[in-house]
Amino acid sequence: EICLYGGAVMCLVFKARPSTKDVDAIFEPVKYIRRAITKIAERNNLPLDWLNYGVKMFFVPHEKKKLFDWSNLRVYFPTGDYLLAMKVLSARAESFDLEDTMFLIRELKLQTIDEVLTIVKNYYPNKEVKSETVFQLEEMFERLK
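The numbers in our numbering rise by one with no breaks, and the one at position 40 of the sequence shown is 901.
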């Protein structure tokens, strides 16, 4: 079982962009899937971290939707609001986080910064959104007017 996050969801589910540099995912059973990740990397000349488990540190319980269901593998993805909360909290400059955030704001038909911040607080009540990110959100909503 794998749940995809980040750019992979933006590409596969939302069709927001054509590619991503790696695949962020949480998976079970970890031991067996890590072996498969290594074999796939070796066979396809990929970096060993092409399937990145680091997103686990952002994990909080959330609704998942099924993307694929095969006999030996189920692939899930989070709802758009959960993905938005993750993107707003990470807001990395050298990434697609800002573009993805803008896309998700439109996709979710959000009208105000308060709606975005409420979504973040619903999933991450103990986390603060960086002031720089709030400023960037203000700019996004100005462009959406």
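We put the CB at the ideal spot given by N, CA and C, even for glycine.
Which whole runs of the beta strand (DSSP E) in the segment 876-900 are 3 residues long or more, in chain order? Whole beta strand (DSSP E) segments, 3+ residues: 884-888.
I'd like the span of the beta strand (DSSP E) that includes Asp930, first residue to last. Translated into positions along the sequence shown, residue 930 becomes position 69. Asp930 -> beta strand (DSSP E) spans 925-931.
If you draw a straight line from the C-alpha of Cys864 to the C-alpha of Ile974, how long is it? In the sequence shown, residue 864 corresponds to position 3, counting from 1. In the sequence shown, residue 974 corresponds to position 113, counting from 1. Taking the straight line joining both Cα atoms gives about 28 Å.
How is Val921 classed by DSSP in three states: helix, strand or coil? For the purposes of this step, residue 921 is identified with residue 60 of the sequence shown, where counting begins at 1. Of the three classes helix, strand and coil, the one that applies to Val921 here is coil, per DSSP.
Opening and closing residue of the alpha helix (DSSP H) in which Met943 lies: Taking the sequence shown and counting its residues from 1, one reaches residue 943 at position 82. Per the sequence presented here, residue 943 reads as Tyr, with Met not at that position. 941-951 is the extent of the alpha helix (DSSP H) around Tyr943.
Spatial neighbours of Phe838 in its chain, beta-carbon cut-off 7 Å, leaving aside the 5 residues before and after: The question about residue 838 has no answer here: the residues shown for the chain are numbered 862 through 1006.
Can the beta-carbon of Lys988 be found less than 8 Å from the beta-carbon of Leu944? Against the sequence shown, residue 988 aligns to sequence position 127. Against the sequence shown, residue 944 aligns to sequence position 83. No.
Residues sharing a beta bridge with Asn913, DSSP: As a working mapping, residue 913 is identified with position 52 in the sequence shown. DSSP lists Asp885 as the bridge partner or partners of Asn913.
Starting from the Cα of Leu978, find the closest Cα among Thr994, Glu968, Ser932 and give me that residue. Start at 1 with the first residue of the sequence shown, and residue 978 comes out as number 117. Comparing alpha carbon positions, the residue from Thr994, Glu968, Ser932 closest to Leu978 is Thr994.
Is it the case that the Cβ atoms of Phe938 and Val874 are separated by a distance below 8 Å? Stepping through the sequence shown from its first residue, residue 938 is reached at position 77. Stepping through the sequence shown from its first residue, residue 874 is reached at position 13. Yes, these two residues count as a Cβ contact at 8 Å.
Report buried or exposed for Ala952, applying the criterion of at least 16 other Cβ atoms within 10 angstroms of its Cβ. Mapped onto the sequence shown, residue 952 falls at position 91. Here Ala952 is buried: its Cβ has 16 or more other Cβ atoms, across all protein chains shown, within 10 Å.
Which stretch, first to last residue, makes up the alpha helix (DSSP H) that contains Leu998? Here residue 998 refers to the residue found at position 137 when the sequence shown is read from its first residue. From DSSP, the alpha helix (DSSP H) with Leu998 extends over 992-1005.
Going by the CB atoms, is the gap between Ala877 and Asp961 shorter than 8 Å? Position 100 of the sequence shown, counting from 1, holds the residue named residue 961. Position 16 of the sequence shown, counting from 1, holds the residue named residue 877. In terms of Cβ geometry, Asp961 and Ala877 form a close pair [threshold 8 Å].
In terms of DSSP beta bridges, what is Cys864 paired with? To locate residue 864, count along the sequence shown from 1; it is residue 3. Answer is Ile887, Tyr937, bridged to Cys864.
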